[in-house]
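First up is the structure itself, then whatever we jot down about it.
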Amino acid sequence: MQIATWNLNSLNVRLPHTLAWLEKNPIDVLALQETKLTDERFPAAALAEAGYHSVFAGQKTYNGVALLSREPASDVISALPNFVDEQKRIIAATVAGIRVISVYCPNGAALDSPKYTYKLDWFRVLAAFLQDELSRHERLVVTGDFNVAPRPEDTYDPDKWEGRILCSPPERAALQALLDCGLQDCWRLFPEREGRRRFTWWDYRGGGWPRNAGLRIDHVLASTALAAVCSSCEAHVGERGRKRPSDHVPVVAEFEL
DNA sequence: ATGGCTTAGGTGCTAAGA
Numbered sequence: 000m001q002i003a004t005w006n007l008n009s010l011n012v013r014l015p016h017t018l019a020w021l022e023k024n025p026i027d028v029l030a031l032q033e034t035k036l037t038d039e040r041f042p043a044a045a046l047a048e049a050g051y052h053s054v055f056a057g058q059k060t061y062n063g064v065a066l067l068s069r070e071p072a073s074d075v076i077s078a079l080p081n082f083v084d085e086q087k088r089i090i091a092a093t094v095a096g097i098r099v100i101s102v103y104c105p106n107g108a109a110l111d112s113p114k115y116t117y118k119l120d121w122f123r124v125l126a127a128f129l130q131d132e133l134s135r136h137e138r139l140v141v142t143g144d145f146n147v148a149p150r151p152e153d154t155y156d157p158d159k160w161e162g163r164i165l166c167s168p169p170e171r172a173a174l175q176a177l178l179d180c181g182l183q184d185c186w187r188l189f190p191e192r193e194g195r196r197r198f199t200w201w202d203y204r205g206g207g208w209p210r211n212a213g214l215r216i217d218h219v220l221a222s223t224a225l226a227a228v229c230s231s232c233e234a235h236v237g238e239r240g241r242k243r244p245s246d247h248v249p250v251v252a253e254f255e256l
C-alpha cells in the first residue's frame with residue numbers, strides 16, 4: 000500500500016503533472032493540497048480516466064484538499080468538527096481499510112499575525128479530531144502540507160530559520176502534539192538518511208531550487224500499527240525541476256500490509 | 001537575499017503563499 004501527498008499549488012495548472020506522475024507512480028492513495036478549485040471545477044472525469052476515484056473539498060482561489068484513490072473512498076469528513084472555518088483545509092476518508100486524512104495546515108504568515116493565532120488554533124482542533132479518529136481507526140495516516148519544519152535539519156539554513164515562521168517553538172510543539180496522539184513521522188523511521196538535505200518545498204523566489212534552499216514541511220504521519228510496517232518514505236524531489244512545477248514535491252510512503 | 005516568483009481573479013493590479 001503506497002500513500003503519497005502533494006501540495007500542487009493549483010490542480011488546474013498541475014493536472015498534467017499529476018496525471019504524468021500517477022502514470023509513472025501508480026500508487027494507491029494521493030492526498031492533494033492547494034487545489035484552488037471549487038468542487039464543480041474539480042477534474043474528476045480526467046482522474047477517473049486515469050483510474051482514480053476522488054473526493055474533494057475546494058473553494059475559489061485558495062486552499063482546497065482532495066484524496067485520489069484506486070479503491071473508492073467512504074466515510075468522508077471534509078471539515079474539522081466543532082470549528083467554524085470557511086477555509087477548506089482537511090478531508091478524511093477510508094480507503095481499503097485505511098483511514099487517510101489530507102491536511103493543508105495554515106501557513107501562519109508571521110509570528111505577530113492573526114494568521115499565526117489561527118494556525119495554532121487550527122492545530123489544537125486538529126489534534127482533538129485526530130485523537131477521536133485514532134480511537135476508531137487503528138490503521139490511520141494523516142498527510143499533507145503541515146507548514147512546520149520539525150527540526151533544524153529540516154531547513155537548508157538553520158541559522159536563518161530557527162525561531163521564524165514555520166520553525167517557531169509553538170509551531171513545533173503544535174506538530175509534536177499531533178504525534179503525541181499516537182502518530183509517527185514516517186520520514187524519521189529511516190535515520191540513515193539524516194544529514195542528506197532532502198526537502199519537500201523550495202521557494203519560487205530567489206532561486207531556491209537550484210541552490211537546494213528548501214524546507215521539509217510536507218509530512219506523512221502514521222499510526223503505530225502502520226508505522227510498524229512502513230518500508231519507505233521518499234520525497235520525489237525531481238518533480239521540482241520539471242517545467243512549471245509546484246513549489247512542493249510529492250512525498251510517498253509505503254506500507255507492507 | 002523576507003524577496004527577486006507564481007497562483008487566481010480579472011484585465012491592472014492585489015492577496016497570498018512559506
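Using numbering that gives the first Met the number 0, the first residue of the first sequence is number 0, and each one after it goes up by one.
The beta-carbon is built from N, C-alpha and C at its ideal position, and this holds for glycine as well.
| message | Could you tell me the alpha carbon to alpha carbon distance between Asp111 and Cys166, rounded to whole angstroms? | response | To locate residue 111, count along the first sequence from 1; it is residue 112. To locate residue 166, count along the first sequence from 1; it is residue 167. For Asp111 and Cys166, the distance between alpha carbons rounds to 14 Å.
| Minimum length 4: unbroken alpha helix (DSSP H) runs contained in the segment 129 to 183 | The segment 129 to 183 contains these whole alpha helix (DSSP H) runs: 157 to 160 and 168 to 178.
| query | So, Glu33 versus Ser9, is the Cβ gap smaller than 8 Å? | reply | Counting from 1 along the first sequence, the entry for residue 33 is found at position 34. Counting from 1 along the first sequence, the entry for residue 9 is found at position 10. In this structure, Ser9 lies closer than 8 Å to Glu33 by Cβ.
| Residue from Asn11, Ile90, Gln1 and Asp158 whose Cα sits closest to the Cα of Arg69 | For the purposes of this step, residue 69 is taken as residue 70 along the first sequence, with counting starting at 1. Closest option to Arg69, Cα to Cα, is Gln1.
| task | Report the rounded CA-to-CA distance for Ala127 versus Tyr103, giving the unit in angstroms. | result | As a first step, residue 127 is located in the first sequence; it is residue number 128 there, counting from the start. As a first step, residue 103 is located in the first sequence; it is residue number 104 there, counting from the start. The alpha-carbon atoms of Ala127 and Tyr103 are separated by roughly 16 Å.
| query | Under 8 Å between the Cβ atoms of Ala56 and Ser77? | reply | The residue given as residue 56 occupies position 57 in the first sequence. The residue given as residue 77 occupies position 78 in the first sequence. Their beta carbons are under 8 Å apart, which means Ala56 touches Ser77 by this criterion.
| Which residues does DSSP pair with Cys229 in a beta bridge? | To locate residue 229, count along the first sequence from 1; it is residue 230. The beta-bridge partner set that DSSP reports for Cys229 consists of Phe254.
| task | Just grab the DSSP bridge partners of Asn24 for me. | result | Counted from its first residue, the first sequence places residue 24 at position 25. None, per the DSSP bridge assignment.
| query | By a C-beta neighbour count over all protein chains shown, 10 Å radius and 16 as the cutoff for buried, is Glu191 buried or exposed? | reply | As a working note, residue 191 is residue 192 in the first sequence. Counting of Cβ neighbours within 10 angstroms places Glu191 among the exposed residues, the total staying below 16.
| task | Label Val75 either buried or exposed according to how many other C-beta atoms from any shown protein chain fall within 10 Å of its C-beta, with 16 as the threshold for buried. | result | Taking the first residue of the first sequence as 1, we reach residue 75 at position 76. With a threshold of 16 other beta carbon atoms within 10 Å, Val75 falls short and is exposed.
| Buried versus exposed, by CB contacts within 10 Å (16 or more), Val12 | Counting from one through the first sequence, the residue named residue 12 turns up at place 13. It is exposed - the Cβ of Val12 has fewer than 16 other Cβ atoms within 10 Å.
| said: Along the chain, where does the alpha helix (DSSP H) containing Ala45 start, and where does it finish? | reply: To locate residue 45, count along the first sequence from 1; it is residue 46. Where Ala45 is concerned, the enclosing alpha helix (DSSP H) stretches over Ala43 to Glu48.
| query | Any idea if Phe189 is buried or exposed, counting beta-carbon neighbours within 10 angstroms, 16 or more meaning buried? | reply | As a position in the first sequence, residue 189 is number 190, starting the count at 1. With fewer than 16 Cβ atoms within 10 Å of its Cβ, Phe189 is classed as exposed.
| message | Measuring straight from C-alpha to C-alpha, what distance separates Glu137 and Arg215? | response | Numbered from its first residue, the first sequence carries residue 137 at position 138. Numbered from its first residue, the first sequence carries residue 215 at position 216. For Glu137 and Arg215, the distance between alpha carbons rounds to 27 Å.
| query | Can you pull the DSSP bridge partners for Asp217? | reply | The residue given as residue 217 occupies position 218 in the first sequence. Paired residues: Asp144.
| Within 8 Å, strictly: CB atoms of Thr199 and Val248 | The count along the first sequence starts at 1 and reaches residue 199 at position 200. The count along the first sequence starts at 1 and reaches residue 248 at position 249. Contact check for Thr199 against Val248 passes: the beta carbons are separated by less than 8 Å.
| query | Which residues in the same chain have their Cβ closer than 6 Å to the Cβ of Trp121, if we skip the five residues on either side of it in sequence? | reply | Locating residue 121 in the first sequence gives position 122, counting from the first residue. Pro105, listed in sequence order.
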